[in-house]
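Here is the structure we will look at, set down as structure tokens.
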Amino acid sequence: MIDEVGEFEVASGATIHYRSVGPPNGVALMLGLPLMASHTRIFGPDSGATLNGYLDRLTDVYRVLLVDYPNIGKSTSPPPAEMTAERVCSDLLATADAAGFGKFVYWAYSWGGAAALQLASRSDRLSALVVGGWPPLGGQYADILRAARRQLDDPPPSARVVLREPAQYAQWVTFYESVLDWPEQQAIGEIDCPRMVFFGGRGDVDPGGEDIHIAGTIRKRRGELRRLGWSVHEIADRDHSVCLDAAAVVPPVRAFLDKARSGTLTR
């Protein structure tokens, strides 16, 4: 079992800090938002229970890579004005390289889930994909961009926790502007690694007064997603914060990943 940290410069003055935990030769798994390399430093000591809940359920087989990203904790990449989907994917792949990963599982939630779709559609290095709390089809990118713009001058408390300063909130505007013309239907249809989406059954949200139908959209398009080869898992009666409950989230995802790894996956 290893538990080591690393840091590298991805661009001039822009560094990425990461932590790798698990068997040295374990299955490579990059675990994105809501988990971080400096998780308890960012969210406080009580958040260690969430982090350990994930690690304890995964690191017998999986070598888990945690990253302070984007521009959070001990990382300084990317600057808000540069956080396009292209830059995010480049940074994540560079982090995988730094950790010694070749092909790897990528698993992330909410904004991280949206970023995961970009990564899967731009790279052939994913051995499996897990998207939490974001619809692979029917993503309301224009609506959430409008919400981000509306909150630029006064970011919500939930966002301030992970920002160095309020002005950094502009990074979300940069990202969502960069994906407005993304050919979602075509891109999702071309993803060919094992793929799963999970969500809380009450997981619709309303940032900045915009109704973002995460749970509703995934339910509506469940059949289409399954025809496209996705495993779809609803966690009943849970809201968007279900990602913080490792006991609810990890078992179904772990079952999916184990089957994908063994070649016994059926959707």
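Here this note's numbering is used: the first residue of the sequence shown is 115, the next is one more, and so on.
Here a beta-carbon is modelled for each residue, glycine too, at the ideal position from N, C-alpha and C.
Handout entry: Span of the beta strand (DSSP E), counted from its first residue to its last, around R309
Key = Counted from its first residue, the sequence shown places residue 309 at position 195. Start and end: R309 to R316.
Exercise for the section: Using the DSSP secondary-structure output, state which residues sit across from D160 in a beta bridge. Expected result: By 1-based counting over the sequence shown, the position of residue 160 is 46. Note: D160 sits in no beta bridge, so no partner.
Exercise for the section: Have a look at the DSSP bridge pairing and note the partners of D104. Expected result: The question about residue 104 has no answer, for the chain in this structure spans 115 to 381.
Handout entry: Opening and closing residue of the alpha helix (DSSP H) in which A301 lies
Key = As a first step, residue 301 must be located in the sequence shown, where it is residue number 187. Element bounds for A301: E298 to E304.
Exercise for the section: With E348 as the anchor, note down where its beta strand (DSSP E) starts and where it stops. Expected result: Taking the sequence shown and counting its residues from 1, the one referred to as residue 348 is at position 234. It spans W344 to D353 - the beta strand (DSSP E) in which E348 sits, taken as one unbroken run.
Practice task
Taking all protein chains shown into account, decide if N185 is buried (16 or more other Cβ within 10 angstroms of its Cβ) or exposed.
Solution key: Taking the first residue of the sequence shown as position 1, residue 185 is located at position 71. The residue is buried, with at least 16 neighbouring Cβ atoms inside 10 Å.
Practice task
Using the Cα positions of F122 and S191, report the straight-line distance between them to the nearest angstrom.
Solution key: Translated into the one-based positions of the sequence shown, residue 122 becomes position 8. Translated into the one-based positions of the sequence shown, residue 191 becomes position 77. Straight-line Cα distance between these residues: approximately 10 Å.
Practice task
Identify every residue that forms a DSSP beta bridge with E123.
Solution key: What you label residue 123 is simply residue 9 of the sequence shown in a count that begins at 1. T129, per the DSSP bridge assignment.
Handout entry: Anticipated Cβ contact below 8 Å, P269 with L277, distance rounded
Key = Reading the sequence shown from its first residue, position 155 is the one you call residue 269. Reading the sequence shown from its first residue, position 163 is the one you call residue 277. Contact flag correct, Cβ pair sits at about 6 Å.
Problem - Alpha-carbon to alpha-carbon, V119 and R155 - result: Your numbering for residue 155 matches position 41 in the sequence shown. Your numbering for residue 119 matches position 5 in the sequence shown. C-alpha separation (whole angstroms): 14 Å.
Exercise for the section: Whole angstroms is fine: what's the gap from D182's alpha carbon to S241's? Expected result: Here residue 182 refers to the residue found at position 68 of the sequence shown. Here residue 241 refers to the residue found at position 127 of the sequence shown. So the two alpha carbons sit approximately 22 Å from each other.
Problem - Backbone secondary structure at I326 - three-state DSSP - result: Mapped onto the sequence shown, residue 326 falls at position 212. Looking at I326 - three-state DSSP - the assignment turns out to be strand.
Handout entry: Pairwise C-alpha distance: R263 and W286
Key = Residue 286 sits at position 172 when you count from the first residue of the sequence shown. Residue 263 sits at position 149 when you count from the first residue of the sequence shown. Near 9 Å, if we compare the C-alpha coordinates of R263 and W286.
Exercise for the section: Report, in whole angstroms, the separation of the C-beta atoms of G187 and A234, which I expect to be a contact under 8 Å. Expected result: Along the sequence shown, one-based indexing puts residue 187 at 73. Along the sequence shown, one-based indexing puts residue 234 at 120. With 8 Å as the limit, G187 and A234 do not qualify as a contact, their Cβ atoms being about 25 Å apart.
Handout entry: Buried or exposed by the 16-neighbour rule on C-beta atoms within 10 Å, applied to D205
Key = Residue numbering aside, residue 205 sits at position 91 when the sequence shown is read from its first letter. By the neighbour-count rule (16 or more Cβ atoms within 10 Å), D205 is buried.
Problem - Cut-off 7 Å between Cβ atoms - residues of its own chain near R368, not counting five sequence neighbours on either side - result: For the purposes of this step, residue 368 is taken as the residue at position 254 of the sequence shown. Excluding residues within five positions, the ones whose Cβ falls inside 7 Å are R171 and L172.
Exercise for the section: In angstroms with no decimal places, state the Cα-to-Cα distance between L251 and Y283. Expected result: For the purposes of this step, residue 251 is identified with residue 137 of the sequence shown, where counting begins at 1. For the purposes of this step, residue 283 is identified with residue 169 of the sequence shown, where counting begins at 1. Cα to Cα, L251 sits roughly 25 Å from Y283.
Exercise for the section: Could you say which of A142, P159 and T209 lies nearest to Y132 if we only look at CA atoms? Expected result: Here residue 132 corresponds to residue number 18 of the sequence shown, with the count starting at 1. The candidate whose alpha carbon is nearest that of Y132 is T209.
Practice task
From the DSSP output, in three-state form, read off A222 for me.
Solution key: Taking the first residue of the sequence shown as 1, we reach residue 222 at position 108. The answer is strand: DSSP assigns A222 an E or B state.
Exercise for the section: Confirm, please, whether the CB-CB distance from H354 to G314 is below 7 Å. Expected result: Taking the sequence shown and counting its residues from 1, the one referred to as residue 314 is at position 200. Taking the sequence shown and counting its residues from 1, the one referred to as residue 354 is at position 240. Going by C-beta atoms, G314 is nearer than 7 Å to H354.
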